[in-house]
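Chemist:
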Amino acid sequence: MKTTQTESLTDLTRKGTSLEFFSAYQERDIERMMALFDPAGDFWLMPLGPDPQGTIGELGRNFWTGVIGAFPDIDNTVDTITAEGDKIICHVALFGTQTADFAGIPNKGLRFNSDHIFIFRFNEEDKIVAVAIDWDHARFQEQLGV
1 MKTTQTESLT DLTRKGTSLE FFSAYQERDI ERMMALFDPA GDFWLMPLGP DPQGTIGELG
61 RNFWTGVIGA FPDIDNTVDT ITAEGDKIIC HVALFGTQTA DFAGIPNKGL RFNSDHIFIF
121 RFNEEDKIVA VAIDWDHARF QEQLGV
């Protein structure tokens with residue numbers, strides 16, 4: 001009878017890298033966040049279209065810099081983290097208070113709390129080579145007064 005399930009060292013390493021990303025995000029440390037990625041990798045905000053919109057090194061960096069600038073108290077809670085092949089899937093609650101206009105959303109000083117799914121894809125060297133992020137964008141906008 002099997003009473004425990006073991007995870008591979010690769011899965012554990014990749015989960016640790018994913019958790020490191022969320023730790024750096026909590027600390028608003030863009031350089032530490034970006035060090036976990038291949039800058040040429042795909043960056044995809046899933047509610048905004050069916051395909052990646054740019055690279056992690058350009059669009060990803062600009063996006064996260066914008067989020068941190070507009071929501072200086074941005075924080076997260078990782079609810080679940082699972083491995084599926086070369087992907088790590090994280091269910092995360094993100095929350096913060098808007099203090100500046102962001103992505104066409106005027107600042108009204110409102111707070112959001114939104115469930116997100118981050119899907120990180122890794123290469124053989126355990127570097128993140130793609131990230132896809134999904135959330136209920138209509139609910140996010142509603143919470144910010146749009």
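Each step along the sequence shown adds one to the number in UniProt numbering, with nothing skipped, and position 87 is 87. Using N, Cα and C, we set each Cβ at its ideal position, and we do this for glycine too. Since the structure is predicted, the reported quantities are computational estimates derived from the model, not experimental observations.
Helix, strand or coil for residue 7? Go by DSSP, reduced to three states.
Modeler: Mapped onto the sequence shown, residue 7 falls at position 7. DSSP places residue 7 in coil when its eight states are reduced to three.
Chemist: Just the Cα atoms here: how many angstroms apart are residue 3 and residue 98?
Modeler: Within the sequence shown, the letter at position 3 stands for residue 3. Within the sequence shown, the letter at position 98 stands for residue 98. At residue 3 the pLDDT is 49, less than 50, meaning the model places this residue with poor confidence and gives no usable figure here.
Chemist: Just the C-alpha distance for residue 15 and residue 33, rounded to the nearest angstrom, thanks.
Modeler: Sequence index remark: in the sequence shown, residue 15 carries index 15 (1-based). Sequence index remark: in the sequence shown, residue 33 carries index 33 (1-based). Cα-Cα distance, rounded: 14 angstroms.
Chemist: Please specify which runs of the beta strand (DSSP E), each continuous and at least 3 residues long, are wholly inside the segment 58-120, giving them in chain order.
Modeler: Listed in chain order, the complete beta strand (DSSP E) runs (minimum 3 residues) inside the segment 58-120 are 75-84, 87-97.
Chemist: CB-CB under 7 angstroms to residue 158, same chain, minus the five flanking residues each way: which ones, in chain order?
Modeler: Residue coverage of the chain in this structure runs from 1 to 146, which leaves residue 158 outside it and unanswerable.
Chemist: Do the segment 45-56 and the segment 134-146 meet, that is, are 3 or more Cβ pairs less than 8 angstroms apart?
Modeler: yes
Chemist: Considering only their Cβ atoms, is the gap separating residue 52 from residue 38 smaller than 8 angstroms?
Modeler: Against the sequence shown, residue 38 aligns to sequence position 38. Against the sequence shown, residue 52 aligns to sequence position 52. Cβ atoms of residue 38 and residue 52: not closer than 8 angstroms.
Chemist: Give me the residue from 104, 119, 131 with the minimum Cα distance to residue 144.
Modeler: Numbered from 1 along the sequence shown, position 144 holds the residue referred to as residue 144. Checking every option, the nearest Cα to that of residue 144 belongs to 104.
Chemist: Which runs of the beta strand (DSSP E), 3 residues or longer, sit entirely within the segment 33-60?
Modeler: With a minimum length of 3 residues, the continuous beta strand (DSSP E) runs that stay inside the segment 33-60 are 37-45.
Chemist: Note down the Cα distance separating residue 9 from residue 126, rounded to an integer number of angstroms.
Modeler: The sequence position of residue 9 within the sequence shown is 9, counting from 1. The sequence position of residue 126 within the sequence shown is 126, counting from 1. In a straight line, the C-alpha of residue 9 is about 11 angstroms away from that of residue 126.
Chemist: In terms of alpha-carbon separation, which member of 119, 134, 124, 146 lies closest to residue 21?
Modeler: As a working mapping, residue 21 is identified with position 21 in the sequence shown. Comparing alpha-carbon positions, the option among 119, 134, 124, 146 lying closest to residue 21 turns out to be 119.
Chemist: Excluding five sequence neighbours on each side, which residues of the same chain lie with their C-beta closer than 6 angstroms to the C-beta of residue 101?
Modeler: On the sequence shown, position 101 is the one that residue 101 refers to. Once the five neighbours on either side are set aside, the close Cβ partners of residue 101 are 107.
Chemist: On the DSSP bridge assignment, give the partners of residue 134 in chain order.
Modeler: The residue labelled residue 134 in the question sits at position 134 within the sequence shown. Looking at the DSSP assignment, residue 134 forms a beta bridge with 117.
Chemist: Using alpha carbons as the reference points, say which of 88, 55, 80 lies closest to residue 115.
Modeler: By 1-based counting over the sequence shown, the position of residue 115 is 115. Residue 115 has its Cα closest to that of 80, out of 88, 55, 80.
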